[in-house]
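Below is the structure:
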């Protein structure tokens, strides 16, 4: 049997009905995925849009609905929070309403479906390239600092333990980042798109598995990107069915049914935008270690520590309990740092042997903790078990 990518159908009522149902499904799914993207409060650093494209537009309605259902309106907990489920429900309703209006309109439905497919391809490509660059450049996972390095394993939650572990491996981040980056780039080329879709499916399936297995609070976003990957594959479902469930011997003379070729100028602008997003975010959110971000033990009290976190937090650890206060740096140089918490002025004098923590009328002698030899910070690779165990 020859397969040319096109099939002659009879115009029977049953075929027309199935065609109409398929068109409705494509329209509603495409709308739902695209509308979810434009109301997602994902920051765009290039345009200084910290709350996304249209989230501020629906925020008042979300706040009203949240109050009606006794849901606390707290955008800080939007990721996997009750507010995001409410947002998804709202987008679902909007998708149905807009979809019904489009079906009743005289607009060319196939062109609308084609536009939605291209738009959602760009959405998937954006996230794949963005997260790929973040992994390669080093901006996706927070740097593990002294307060965590000094924490006992029993005190880690599963999600924090996983994120800390993933951050420690340059090889993992570079390989997975390269897969995501290539997948996103391949989506933009009609000849490489199928490979890009497969890489996206592979990558997003892995991310969904990690997020659900370790209870990481980006489950909905990863599920959304997996759904986008499946949607990107949808034009090839019939071909997959014939390959995976053949009813007869198939000889493929393949011709692309719907290449969905993207405009070259659009792709060029899109690439400039995505690359600038990765670069701008990297400079705005500087993830490089700060020279003043150190950990100290109080001399004479082996159970009392302070950790200066690079996100400007003073974390005090005493007998295994942690308290955290944000601070503002007043002045700094190689020998000291002056900073202020809400209630107190602090100064840390740095010396070769000993340092001093001066706060109000109290001065404590400090000793810097050196984590450089910590096994966690050794990004090692061993071919032989003897090497990893230190056996000659």
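Residue numbers (the working numbering): 1 to 392. Think of the CB as a built atom: it goes at the ideal place given N, C-alpha and C, for glycine as much as any other residue.
- If you compare the alpha carbons of 130, 72 and 380 with that of residue 181, the shortest gap goes to 130.
- A straight line joining the alpha-carbon of residue 34 with that of residue 124 spans about 10 angstroms.
- Remark: three or more beta-carbon pairs, one from each stretch, lie closer than 8 angstroms, so the region 317-331 and the region 291-307 are flagged as touching.
- The shortest C-alpha to C-alpha distance from residue 333 to any of 324, 347, 323 and 327 is the one to 347.
- Apart from the 5 residues on each side of it in sequence, residue 186 sits with its Cβ closer than 7 angstroms to the Cβ of 192, 193, 195, 196 and 199 in its chain, given in chain order.
- Under the criterion of beta carbons closer than 8 angstroms, residue 164 and residue 153 do not qualify as touching, at roughly 11 angstroms.
- The beta carbon of residue 295 sits closer than 8 angstroms to the beta carbons of 145, 146, 147, 149, 150, 305, 306, 307, 308, 368, 369 and 371 from its chain, once the five residues preceding and following it are set aside; these are given in chain order.
- The region 112-124 and the region 28-42 touch, with no fewer than 3 CB-CB distances between them shorter than 8 angstroms.
- Here residue 378 is exposed: its Cβ has fewer than 16 other Cβ atoms, across all protein chains shown, within 10 Å.
- Remark: C-beta atoms of residue 86 and residue 71 approach each other more closely than 8 angstroms.
- The beta carbon of residue 55 sits closer than 8 angstroms to those of 39, 40 and 41, all from its chain and outside the five residues before and after it, given in chain order.
- Of the residues 355, 209 and 136, the one whose Cα lies closest to the Cα of residue 299 is 355.
- A direct Cα-to-Cα measurement between residue 203 and residue 162 gives close to 17 angstroms.
- Per DSSP, reduced to three states, the secondary structure at residue 71 is coil, with no helix or strand assignment.
- Residue 338 has 331 and 347 as its beta-bridge partners, per DSSP.
- For residue 134, the three-state secondary structure derived from DSSP is helix.
- It is roughly 43 angstroms from the alpha-carbon of residue 211 to the alpha-carbon of residue 358.
- With respect to residue 224, residue 48 sits apart: the two C-beta atoms are not nearer than 8 angstroms.
- Ranked by Cα distance from residue 213, the options 345, 23 and 160 are led by 160.
- Non-local beta-carbon contacts of residue 104 in its own chain, meaning distances under 6 angstroms to residues more than five positions away in sequence, are absent.
- The residue among 350, 335 and 312 with its C-alpha nearest the C-alpha of residue 341 is 312.
- A direct Cα-Cα distance of roughly 34 angstroms separates residue 314 from residue 208.
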